[in-house]
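Protein chains in written order, with my numbering: chain A, 5 to 487; chain B, 5 to 99. Backbone N, C-alpha and C fix where the C-beta goes; we use that ideal spot for every residue, glycine too. The structure appears right after this line, and notes come after that.
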């Protein structure tokens, strides 16, 4: 075990899935032509006034309840002042002193070689703010091109306590957060499109030391993998500096995924003086207990509750349950599939195995799976009633992926039905034994691994259709039984 | 409250205000007199008084989440000093 302990806290920005922006009636959509959805308020033109979107308040409350947090009775907006071309007002409307969501916590599961471990990570706060626009430096030579479509997009910034002790814990936390915001329907969580962005505060300290080490902040980590890699790199970098007798400089660093390294962006001590003050354009927002209760009454099932339900209702193991119940789309697919298939364990294996690899290969989300859950369920039920073997089922599944169609039709049309006629199988077993006297002698001399050879021969002769259980039994009986 | 020229330059930099060489010293006096006035408030007992977030004692009215703004890019961009391909153009800034 290393003499150093890693300490990680995450700041996660979640773009809220509203129809309009946080302070203006401009549309909140990704992918429009530049500046087509930047209104006068988003552009910061003189004389405009921001008006808060009620859906944003609802969504923040929903998140707060999901992490057992205090919801502020009075919440307030502040101006965070800095100059950058994609921030036309010269300040970002954010929250400082009275964030809408206070202290809460999130239970996470960290997968490990020796099983999963559970941990609770503290949530310091979550506050509302507006996103900035985008500066593009390679569009026009020598100039910076500014697209303000994103300006005014509602963000919920979720700040964790420095409770995580490894890259794996940080990834587990981010995954759980991702699953929750998707379940709550407050964001699509699409990390490629920037709907969920993560900054990591990383420091190390000698094991047993209570005082935190100097931290660096790694910006804009837009995938689970990059978060993991960036933390691992940064921990190693800090260790090398401290072990060489140096000291860590508090700074913002950028993760370069192509070179797998973090680089210094700017030094914190000098640049950061945001001169926050309450925004006079926005009055304090009150949230009544009745409002909170109304939101609570409509809370959906969250990943943790769903995992527990799957273990109880479907008899899944903790591992299987984590794999199929964490993400709501996967869980919905699983439930629709198992309702038809019957066997939960077998269904979980198919969803995590064959289906996941097809989705991976075709780069599709489970929402757009090429095989409908009920159709996969019917295929699985054909394995259970011994119509086909698992191996043939994979062939049928590939045909369903490629050409569509019902499993029963495919099985009939291609003559894939399993051969369970014991008379027919016995005849095949006899002929294989007769044709391979040499292997039979070896098998009987103790080389029992040769059973596979005989199985293979018969599978070849039947195009894989022999019922494998029955075949093994017959072969063993004949080979072990003599004659 | 004492202010030095370095602080004045720093505040000016944060606000992106250009200062001539002799101006920093002049602003020391101006800023100090403002702060002296503010300091008088220290004499008031504010124990138990909530910080004032807004002078008007009403709360924020919220807006329903509907799109009400039409695209007016051409009109907005007609006032901009430089645009291309729908982007606003500014002198190159790279961190």
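On the CB-based measure, 16 or more other CB atoms within 10 Å of its CB, does residue i come out buried or exposed?
i	result
residue 461 (chain A)	buried
residue 45 (chain B)	exposed
residue 368 (chain A)	exposed
residue 71 (chain A)	buried
residue 31 (chain A)	buried
residue 273 (chain A)	With a pLDDT of 48 at residue 273 (chain A), under the threshold of 50, the modelled position of this residue cannot be trusted; read the value that follows with caution. Result: exposed.
residue 427 (chain A)	exposed
residue 148 (chain A)	buried
residue 365 (chain A)	exposed
residue 217 (chain A)	buried
residue 316 (chain A)	exposed
residue 303 (chain A)	exposed
residue 321 (chain A)	exposed
Report back the beta-carbon spacing between residue i and residue j to the nearest angstrom; my notes put them in contact at under 8 Å.
i	j	result
residue 221 (chain A)	residue 257 (chain A)	7 Å
residue 128 (chain A)	residue 98 (chain A)	Not a contact, Cβ separation roughly 15 Å.
residue 381 (chain A)	residue 433 (chain A)	Incorrect: roughly 34 Å between the Cβ atoms, too far for contact.
residue 391 (chain A)	residue 421 (chain A)	6 Å
residue 430 (chain A)	residue 478 (chain A)	6 Å
residue 48 (chain A)	residue 93 (chain A)	4 Å
residue 134 (chain A)	residue 152 (chain A)	With 8 Å as the limit, residue 134 (chain A) and residue 152 (chain A) do not qualify as a contact, their Cβ atoms being about 11 Å apart.
residue 284 (chain A)	residue 58 (chain B)	7 Å
Answer yes or no: does any C-beta atom of chain B fall closer than 8 Å to that of residue i?
i	result
residue 19 (chain A)	no
residue 148 (chain A)	yes
residue 22 (chain A)	yes
residue 494 (chain A)	With chain A covering 5 to 487 only, the question about residue 494 (chain A) has no answer from this structure.
residue 98 (chain A)	no
residue 183 (chain A)	no
residue 29 (chain A)	yes
residue 277 (chain A)	yes
residue 143 (chain A)	yes
residue 1 (chain A)	There is simply no residue 1 (chain A) to check, as chain A begins at 5 and stops at 487 in what is shown.
residue 237 (chain A)	no
Beta-carbon of residue i versus every beta-carbon of chain A: anything under 8 Å?
i	result
residue 47 (chain B)	no
residue 90 (chain B)	yes
residue 69 (chain B)	yes
residue 11 (chain B)	no
residue 23 (chain B)	no
residue 42 (chain B)	no
residue 80 (chain B)	yes
residue 60 (chain B)	yes
residue 72 (chain B)	yes
residue 50 (chain B)	no
residue 30 (chain B)	no
residue 97 (chain B)	yes
Excluding five sequence neighbours on each side, which residues of the same chain lie with their C-beta closer than 7 Å to the C-beta of residue i?
i	result
residue 111 (chain A)	122, 124 and 308
residue 45 (chain A)	27, 28, 52, 54 and 156
residue 296 (chain A)	65 and 75
residue 385 (chain A)	344, 345 and 346
residue 42 (chain A)	30, 152, 153 and 155
What does a CB cutoff of less than 8 Å around residue i pick up in its chain, not counting 5 residues either side in sequence?
i	result
residue 169 (chain A)	9, 10, 11 and 12
residue 225 (chain A)	201, 202, 203, 204, 231, 234 and 259
residue 269 (chain A)	223, 255, 256, 257 and 258
residue 23 (chain B)	12, 13, 16 and 31
Excluding the 5 residues preceding and the 5 following residue i in the sequence, name in chain order all residues of the same chain whose CB lies nearer than 6 Å to its CB.
i	result
residue 34 (chain A)	197
residue 453 (chain A)	none
residue 488 (chain A)	Nothing can be reported for residue 488 (chain A): it is not among the residues displayed for chain A, which extend from 5 to 487.
residue 394 (chain A)	387
residue 35 (chain B)	7
Exercise. Using 8 Å as the Cβ pair cut-off and three pairs as the minimum, do the segment 27-34 of chain B and the segment 286-306 of chain A touch?
Worked result: For the pair of segments examined, the segment 27-34 of chain B was found not to touch the segment 286-306 of chain A: the number of CB pairs separated by less than 8 Å stays below three.
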